[in-house]
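In the numbering used here, the protein residues as written are 102 to 235. Down below is the structure, laid out as structure tokens.
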């Protein structure tokens with residue numbers, strides 16, 4: 102009996118590790134990642150949730166720091182009012198971080214695009230998320 106339970110636990114651990122997807126946002130409770138298309142542009146979205154507003158702000162700055170180390174940045178646009186979003190344009194892609202109360206959403210383009218384009222597309226994304234909550 103003990104051997105069969107040990108084997109079951111062993112296979113469950115292997116299954117869980119192989120099933121685990123690589124995360125871009127290393128902090129918080131991973132709520133999933135998916136690929137979407139907005140205005141003919143392909144994006145990878147990833148969401149992490151945090152215990153509260155303060156934890157989300159704290160880890161937002163850690164994520165921003167991690168992204169600065171990601172590669173050579175061509176352009177950055179930061180929101181200095183309440184630090185709710187930051188856009189980074191790299192040679193190979195564009196990344197936008199969006200902090201909403203206790204969660205952080207990362208939007209990463211599959212190819213480099215302008216800051217203005219990712220801003221427009223993220224606005225459509227946020228409207229579709231808000232429409233889904235009604």
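We put the beta carbon where it would ideally sit given N, CA and C, even for glycine.
**Request:** Could I get the ranges of all uninterrupted beta strand (DSSP E) runs contained in the segment 156–193, with 3 residues as the minimum, in chain order?
**Result:** 174–179 and 186–191
**Prompt:** Taking all protein chains shown into account, do 16 or more other C-beta atoms lie within 10 angstroms of the C-beta of residue 212, making it buried, or fewer, making it exposed?
**Reply:** exposed
**Prompt:** Does the segment 148–160 come within contact of the segment 128–136, defined as at least 3 CB pairs closer than 8 Å?
**Reply:** yes
**Request:** Going by DSSP, name the residue or residues bridged to residue 134.
**Result:** 147
**Asked** To which residues of the same chain is residue 202 closer than 8 Å at the C-beta, ignoring the five residues directly before and after it?
**Response** Close CB contacts of residue 202 within its chain, under the 8 Å cut and outside five residues either way in sequence, are with 154 and 157 (chain order).
**Prompt:** Which residues share a DSSP beta bridge with residue 199?
**Reply:** Residue pairing by DSSP puts residue 199 in a beta bridge opposite 186 and 206.
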